[in-house]
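Chemist: Using the numbering used here, read the sequence shown as starting at 14 and increasing by one per residue.
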Amino acid sequence: MSDRKTGFEPVVDDRTRLLVCGSLPGDASLQAAQYYAHPRNLFWHLIGHAAGIANLPALPYDDRLAALLDRGIGLWDVARSASRRGSLDAAMRDIDHADLPALAARLPKLEAIGFNGATAAKIGPRMMADSLRITLIDLPSSSPAHAAMTREQKQERWSALSPWIACR
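1) Considering just the uninterrupted stretch of the beta strand (DSSP E) at His-110, what are its terminal residues?
2) Can you confirm whether the stretch 73-93 touches the stretch 24-36 when touching is taken to mean that 3 or more C-beta pairs between the two stretches lie within less than 8 angstroms?
3) Measure the alpha-carbon distance for Leu-113 versus Leu-101 and round it to whole angstroms.
4) Hey, how far is the Cα of Pro-38 from the Cα of Asp-90?
5) Using DSSP bridges, identify the partner residues of Ala-95.
6) Between the beta-carbon of Met-105 and the beta-carbon of Thr-132, is there less than 9 angstroms?
7) Distance check for Arg-53 and Arg-164, CA to CA, integer angstroms please.
8) Just how far apart, CA to CA, sit Arg-97 and Ile-60?
9) Do Gly-65 and Tyr-48 count as a contact pair if the criterion is CB distance below 9 angstroms?
10) Please work out which residues of its chain come closer than 7 angstroms, Cβ to Cβ, to Ser-42, disregarding the five sequence neighbours upstream and downstream, and give them in chain order.
11) State the start and end residues of the unbroken beta strand (DSSP E) segment that holds Leu-152.
12) Can you tell me the Cα-Cα spacing of Met-14 and Ala-45, whole angstroms?
13) Run through DSSP, which three-state label would Leu-32 get?
14) Quick check: what's the CA-CA separation for His-110 versus Ile-126?
15) Taking the DSSP output, what are the residues bridged to Trp-89?
16) Express the C-alpha separation of Trp-171 and Phe-21 in angstroms, rounding to a whole number.
Here's what the structure looks like:
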């Protein structure tokens with residue numbers, strides 16, 4: 014059995030002003046074929062709070078994605094694929110980076126990229142070093158493995174995304 018894991022296609026459209034990038038989907042997400050599918054991952058709560066969508070985690074997956082796109086928020090990962098046993102970023106090896114600069118170049122309204130967690134924040138900004146027009150934001154990981162901060166502390170840090178989220 015191979016430990017090679019491949020991520021998802023980006024969720025973006027021409028309205029995307031803010032792109033939130035994780036590292037690589039965990040096993041629960043890959044199995045469900047959904048971004049941030051682990052039931053204890055706080056992503057949907059954190060981005061819902063920042064976007065002013067209180068019920069976002071309760072919506073069906075496709076409706077969650079549509080709600081984000083309606084507010085100019087896109088999703089992707091900094092790794093296209095990697096070898097990894099389990100879901101922890103620390104176990105990632107032989108990383109094939111996603112072409113973040115090419116995606117950014119295709120998004121005419123993109124103004125900011127938020128990096129969800131330390132691994133994404135380590136990889137992503139290096140890829141975007143030549144892009145002066147895009148604000149890069151390091152975010153605490155929404156993963157349940159990142160227990161050093163409370164949900165409220167994470168929520169406060171994720172609220173930094175609000176200036177790039179379109180109001181509805």
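Every residue, glycine too, gets a C-beta built ideally from N, C-alpha and C. Computed from a predicted structure; not experimentally measured.
Modeler: Answer, in terms of the structure:
1) Reading the sequence shown from its first residue, position 97 is the one you call residue 110. Counting along the chain, the beta strand (DSSP E) containing His-110 begins and ends at 106-110.
2) They touch, by the three-pair rule.
3) Here the question's residue 113 lines up with position 100 in the sequence shown. Here the question's residue 101 lines up with position 88 in the sequence shown. Approximately 22 angstroms, taken between the alpha carbons.
4) By 1-based counting over the sequence shown, the position of residue 38 is 25. By 1-based counting over the sequence shown, the position of residue 90 is 77. Each residue's Cα considered, the two are about 8 angstroms apart.
5) The residue given as residue 95 occupies position 82 in the sequence shown. Paired residue(s): Lys-18.
6) Taking the sequence shown and counting its residues from 1, one reaches residue 105 at position 92. Taking the sequence shown and counting its residues from 1, one reaches residue 132 at position 119. Met-105 places its beta carbon less than 9 angstroms from that of Thr-132.
7) The residue labelled residue 164 in the question sits at position 151 within the sequence shown. The residue labelled residue 53 in the question sits at position 40 within the sequence shown. A straight line joining the alpha-carbon of Arg-164 with that of Arg-53 spans about 11 angstroms.
8) For the purposes of this step, residue 97 is identified with residue 84 of the sequence shown, where counting begins at 1. For the purposes of this step, residue 60 is identified with residue 47 of the sequence shown, where counting begins at 1. Across the structure, Arg-97 and Ile-60 are spaced so that their CA atoms are roughly 26 angstroms apart.
9) Here the question's residue 48 lines up with position 35 in the sequence shown. Here the question's residue 65 lines up with position 52 in the sequence shown. No, these two residues do not count as a Cβ contact at 9 angstroms.
10) Counting from 1 along the sequence shown, the entry for residue 42 is found at position 29. The beta carbon of Ser-42 lies closer than 7 angstroms to those of Tyr-48, Tyr-49, Ala-50, His-51 in the same chain, with the five residues before and after it left out.
11) Position 139 of the sequence shown, counting from 1, holds the residue named residue 152. Here the beta strand (DSSP E) through Leu-152 covers 148-152.
12) Numbered from 1 along the sequence shown, position 1 holds the residue referred to as residue 14. Numbered from 1 along the sequence shown, position 32 holds the residue referred to as residue 45. Unreliable placement is indicated for Met-14, whose pLDDT of 47 sits below 50; the coordinate value is still reported in the next sentence. About 19 angstroms.
13) Counting from one through the sequence shown, the residue named residue 32 turns up at place 19. In this structure, Leu-32 counts as strand in the three-state DSSP scheme.
14) Counted from its first residue, the sequence shown places residue 110 at position 97. Counted from its first residue, the sequence shown places residue 126 at position 113. A straight line joining the alpha-carbon of His-110 with that of Ile-126 spans about 16 angstroms.
15) The residue you call residue 89 lines up with position 76 of the sequence shown. Paired residues: Cys-34.
16) Here residue 21 is taken as the residue at index 8 of the sequence shown, counted from 1. Here residue 171 is taken as the residue at index 158 of the sequence shown, counted from 1. Between Phe-21 and Trp-171, the C-alpha separation is close to 23 angstroms.
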